[in-house]
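A short worksheet on the structure shown next.
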Amino acid sequence: MVENKIVIEDLSLSYTDGTESLHEISLNIPVNAISVLFGPAGGGKSSLLRCLNRLNDLADVRTVAGRILLDGVDILDPATDVIALRRRVGMVFARPVVLPLSIRGNLTYGLELAGEKRRSRLDEAAERGLKLAALWDEVKERLDDPAIALSGGQQQRLCLARVLAQQPEVILLDEPTSGLDPISTSKVEGALQELKREYTIVLVPHSVQQAARTADYAAFFLQGGLIEYGVDKELFTHPKKQRTEDYVEGRFG
Amino acid sequence: MKKTFLNRDLIQRLGFSMISLVALFTVVPIVGVMIYIILQGAPAISWEFLTAMPRDGMRAGGIWPAIVGTFYLTVGTAVFSVPLGIAAAIYLSEYASENWLTRTIRIAIISLAGIPSVVYGLFGLGLFVLFLQFGTSILAASLTLSIMTLPVIISASEEALRSVPQAFRTVSISLGGTRWQTIRRIVLPQALPGIITGVILGLERAAGETAPILFTGAAFFLPRLPGSPLDATMALPYHLFVISTQVPEMPFQIQYGTALVLIIFVLGMNLVATVIRSRARAKRQW
Amino acid sequence: MLAREHMEKSKNFREYAITRLIRVSGYSAIVFVALIFFFLLREGIPALAEVDLGTLFSTRWYPIEGLYGILPLITGSLIVTVGAMLVAVPFGIGTAVFMSEIAPRWLREVLKPLVELLGGLPSVVLGFLGILLLSPYLRVLLDLPTGLTALAGAILLGGIAVPTIVSIAEDALDAVPTSYREGAWALGATRWQTIWRVTLPAARSGILTAVMLGIGRTIGETMTVMMVTGNAPVLAVHLNSLFSPVRTMTATIAAEMGEVASGSNHYHVLFFIGMVLFLISLAVNLSAAAIVFRSKKRAERVLS
Ligand SMILES: Nc1ncnc2c1ncn2[C@@H]1O[C@H](COP(=O)(O)OP(=O)(O)O)[C@@H](O)[C@H]1O
Ligand SMILES: [Mg+2]
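Protein chains in written order, with the numbering used here: chain A, 1 to 253; chain B, 1 to 286; chain C, 1 to 304.
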């Protein structure tokens, strides 16, 4: 019996321009595993991720219906403390966006906003985040340099480390390796394999190959609908739906 | 066929020369006048001229009280208009959504920017000097100038804020930042050089204006420096007006000297703004 | 636990207070425009009760005898503005065309700050130069009894409007897509023909805006005109009046407000003139903004 960190029930979402980007999605996200959401562009994967930490509050959303239970509590409830939620559910974006601060400043940003002032705690968190994101050895000597000086791959791992420094419970990653070289990509993927022991991970991969490599659970999205859901690699080896098979085998993109 | 080509070529040459001449006629007087003022004014400028009180009905001595007065007025204007203008810009760039209220605000800003300076003077007289009974004072003049400066500061600051990449805001919010924390820690620091540039350009205008302070705070002549914000003050632009129209037998040199000091004051601010802008552009991380 | 909750509360309150403050500041521009209009009305409207309309719209401005005819002031403002535009439009647009279409890049980088320099000069400095340099020159050149004329004002105000016109017109010309020009060249047009038949027409709404805002600046300009136009409130109906002294609305307020008793008829009439100026500037600036707005809308429609 797997334990579900997040339970999504009949989630529908439409933007103010009228596009319905998610249509009655029901999906479980198990704890301590990598759940992969994949499918062609425009399928609603990013929209779903942004629902999980209420980042969609910033977008032009017209209606959201359904429930998203995080540890049994509905986070779509208007009374939700979204600030606390976003600390529990961290997010890494496709393009690495380092804040215009030092490396250390990026890492401690979230904690400082939360009111943490103790230097030792901040340093501790920064180090932990960097180590988990496999970046510590590369930057430990120059934590006070501007973060922008890092390479693209390092920046993306810094973004991951920045989320990890907050000790979230869930990590959302939206095509985190889409702009990275193969070496950086495998570093990130390796880090994720380590991380899933402690965290719940939701990953939107940038390719079917990456989906197949990383998935403990996989969900195939097409035009706002959840087409098929499967455990382990079964979606990639024995898809049940024709459209899943067509996509996995590269017959459409 | 050949002839028309020749014609076309000739017309183009004539046209280009004409336009170039027009541009030349625009720019040459500017340069000429600047050089002329510098040549005429420079001999007047001395330590005494800058730091002494005027004597002999302002026909001798220095312009110290006018310099100090313009400084006070500029600082006074900044005190009111900078916080208000930046806050208004933050509202427009970070909080306002596109609705009728926001459009009304924008129309109001455009309107403020176009109101003649002498009308600001009337308004300051009506509201600050008479109604609120601040009298003809630095306070009343500064408040009047601040409202005049406000649209410049708001527009420039809003532009600076909007040029900060949206992604920074998204990331900060996703890390658990509130809207204000995001503004305070990321957006404002990044927009700061642009904001400072806008502020200086606004204050530069205020420093050079005469009409708004004519009936709100400017004094023809004061034997001593103003002692409080409720005192009237001399000011460089008004002083130049006075000595070039109201005082008979005024030595040219003092007039040109005063004009030169005023220009240096105003254009110096402009130069600072330009330097800040280009420095910040060079250093920018995005 | 309690302390932590307390901290959260106080932080929330701070955030709430700051947001409020920012919001209120955002509305301030509306408040100020309303306040300005209110005070102009409050002090200006009594003029209509105290001075009968026939007098107000007569041709004699002689406050000492209770003659408050504002027509000479209006025509004074008009003639100076028209004259200024006759100077500023050709020179402003010509310079903008030169900078954006003809000059090499380096020259443009030199010219731009020079034109901005003119825009940054305090108007009192221009007035000062007008008195000492321009008007004596005009007097000799044109053999006039005095050089302090509408013409002197028009030339200097033209100079004041030029930077406004140049910078906005240049932006408008720059905004014309290069493909338009290349299209015309491909059809065999010379660069000169392209400027006239393609670039300028394509930028016309921006150029119109530039001229409008130039007019706005000119009508509102005070110190320069007060210093150089000779301050004679006579009706100016011919272009010939350019060569004689006039008195604008702005100069009248600036010259006389300092000496009137507050609450007197004269005081109210000056505020009334201020109100007229306010309304003119509002009309000019808002229509300029409307032109920009409409052409932006059009561009969006074309592009989408
Ligand atoms: N902020 C937004 N406003 C309007 N429509 C949006 C917004 N974000 C995404 N969409 C639309 O929602 C649909 C799903 O997009 P997205 O969630 O980004 O899919 P994916 O990540 O699978 O490519 C698309 O049709 C997209 O155009
Ligand atoms: Mg996406």
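Just so it is clear, CB atoms sit at the ideal spot from N, CA and C, and this is done for glycine as well.
Helix, strand or coil at residue i according to DSSP, with G and I counted as helix
{"i": "residue 272 (chain B)", "result": "helix"}
{"i": "residue 244 (chain C)", "result": "coil"}
{"i": "residue 280 (chain C)", "result": "helix"}
{"i": "residue 38 (chain A)", "result": "strand"}
{"i": "residue 32 (chain A)", "result": "coil"}
{"i": "residue 94 (chain B)", "result": "helix"}
{"i": "residue 200 (chain A)", "result": "strand"}
{"i": "residue 4 (chain C)", "result": "Since pLDDT at residue 4 (chain C) reaches only 49, below the 50 mark, its modelled position is unreliable, and the value read off the structure follows with that caveat. DSSP places residue 4 (chain C) in helix when its eight states are reduced to three."}
{"i": "residue 304 (chain C)", "result": "Interpretation of residue 304 (chain C) is limited by its pLDDT of 48, a score under 50 that renders its predicted location unreliable; the figure taken from the coordinates is listed afterwards. Coil at residue 304 (chain C), not helix or strand."}
{"i": "residue 55 (chain B)", "result": "strand"}
{"i": "residue 7 (chain A)", "result": "strand"}
{"i": "residue 114 (chain A)", "result": "coil"}
{"i": "residue 267 (chain B)", "result": "helix"}
{"i": "residue 113 (chain C)", "result": "helix"}
{"i": "residue 163 (chain A)", "result": "helix"}
{"i": "residue 136 (chain A)", "result": "helix"}
{"i": "residue 96 (chain A)", "result": "coil"}
Beta-carbon proximity of residue i to residue j, cut-off 8 Å
{"i": "residue 16 (chain A)", "j": "residue 62 (chain A)", "result": "yes"}
{"i": "residue 113 (chain A)", "j": "residue 181 (chain B)", "result": "yes"}
{"i": "residue 241 (chain C)", "j": "residue 79 (chain C)", "result": "yes"}
{"i": "residue 210 (chain C)", "j": "residue 198 (chain C)", "result": "no"}
{"i": "residue 38 (chain A)", "j": "residue 220 (chain A)", "result": "yes"}
{"i": "residue 73 (chain B)", "j": "residue 233 (chain B)", "result": "yes"}
{"i": "residue 214 (chain C)", "j": "residue 281 (chain C)", "result": "no"}
{"i": "residue 110 (chain A)", "j": "residue 176 (chain B)", "result": "yes"}
{"i": "residue 40 (chain C)", "j": "residue 271 (chain C)", "result": "yes"}
{"i": "residue 38 (chain B)", "j": "residue 188 (chain B)", "result": "no"}
{"i": "residue 134 (chain C)", "j": "residue 155 (chain C)", "result": "yes"}
{"i": "residue 128 (chain C)", "j": "residue 157 (chain B)", "result": "no"}
{"i": "residue 149 (chain A)", "j": "residue 106 (chain A)", "result": "no"}
{"i": "residue 130 (chain B)", "j": "residue 26 (chain C)", "result": "no"}
{"i": "residue 138 (chain C)", "j": "residue 159 (chain C)", "result": "no"}
{"i": "residue 111 (chain B)", "j": "residue 286 (chain C)", "result": "yes"}
{"i": "residue 245 (chain C)", "j": "residue 146 (chain C)", "result": "yes"}
{"i": "residue 197 (chain B)", "j": "residue 277 (chain B)", "result": "yes"}
{"i": "residue 46 (chain C)", "j": "residue 268 (chain C)", "result": "yes"}
Assumed close pair residue i, residue j - CB separation to whole angstroms, cut-off 8 Å
{"i": "residue 94 (chain B)", "j": "residue 179 (chain B)", "result": "7 Å"}
{"i": "residue 117 (chain B)", "j": "residue 222 (chain C)", "result": "6 Å"}
{"i": "residue 173 (chain B)", "j": "residue 118 (chain C)", "result": "Not confirmed; about 45 Å, so no contact."}
{"i": "residue 58 (chain C)", "j": "residue 249 (chain C)", "result": "Residue 58 (chain C) to residue 249 (chain C), Cβ: 15 Å. No contact."}
{"i": "residue 139 (chain A)", "j": "residue 103 (chain A)", "result": "6 Å"}
{"i": "residue 22 (chain C)", "j": "residue 89 (chain C)", "result": "Going by Cβ atoms, the distance from residue 22 (chain C) to residue 89 (chain C) rounds to 41 Å, so no, they are not a contact pair."}
{"i": "residue 139 (chain B)", "j": "residue 230 (chain B)", "result": "6 Å"}
{"i": "residue 133 (chain A)", "j": "residue 191 (chain A)", "result": "5 Å"}
{"i": "residue 99 (chain A)", "j": "residue 168 (chain B)", "result": "6 Å"}
{"i": "residue 316 (chain A)", "j": "residue 31 (chain A)", "result": "With chain A running from 1 to 253 in the structure shown, residue 316 (chain A) is simply not present."}
{"i": "residue 67 (chain B)", "j": "residue 236 (chain B)", "result": "6 Å"}
Residue from the options whose Cα sits closest to the Cα of residue i
{"i": "residue 217 (chain A)", "options": "A:204, A:56, A:166", "result": "A:204"}
{"i": "residue 251 (chain C)", "options": "B:211, B:38, B:194", "result": "B:211"}
{"i": "residue 104 (chain B)", "options": "C:136, C:32, C:137", "result": "C:32"}
{"i": "residue 200 (chain C)", "options": "C:112, C:262, C:93, C:16", "result": "C:93"}
{"i": "residue 224 (chain B)", "options": "B:55, B:15, B:43", "result": "B:55"}
{"i": "residue 203 (chain C)", "options": "C:97, C:61, C:27", "result": "C:97"}
{"i": "residue 32 (chain B)", "options": "C:47, C:114, C:104, C:81", "result": "C:114"}
{"i": "residue 6 (chain A)", "options": "A:25, A:14, A:122", "result": "A:25"}
{"i": "residue 271 (chain A)", "options": "A:170, A:243, A:176", "result": "This structure cannot speak to residue 271 (chain A), because chain A is shown only from 1 to 253."}
{"i": "residue 22 (chain A)", "options": "A:250, A:223, A:232", "result": "A:223"}
{"i": "residue 130 (chain A)", "options": "A:2, A:188, A:87", "result": "A:188"}
{"i": "residue 15 (chain C)", "options": "B:279, B:184, B:160, B:122", "result": "B:184"}
With a cut-off of 8 Å, do at least 3 Cβ pairs link the segment 85 to 104 of chain C to the segment 58 to 70 of chain C? no
Segment contact flag, the segment 251 to 262 of chain C with the segment 223 to 231 of chain C, C-beta cutoff 8 Å, min 3 pairs: yes
Taking contact to mean 3 or more Cβ pairs, one atom from each stretch, closer than 8 Å, check whether the segment 194 to 213 of chain A and the segment 231 to 239 of chain A are in contact. yes
Would the segment 140 to 160 of chain C count as touching the segment 174 to 188 of chain C if we require 3 or more Cβ pairs under 8 Å? no
Quick test of the definition: if touching needs 3 or more C-beta pairs under 8 Å, does the segment 41 to 55 of chain A touch the segment 86 to 95 of chain A? yes
Answer yes if the segment 256 to 271 of chain B comes into contact with the segment 115 to 131 of chain C, meaning at least three C-beta pairs across the two stretches below 8 Å, and no otherwise. yes
Taking only beta carbons into account, state which residues of the segment 78 to 94 of chain A come closer than 8 Å to chain E, listed in chain order. Looking at the structure shown, chain E is missing, and the protein chains on hand are A, B and C.
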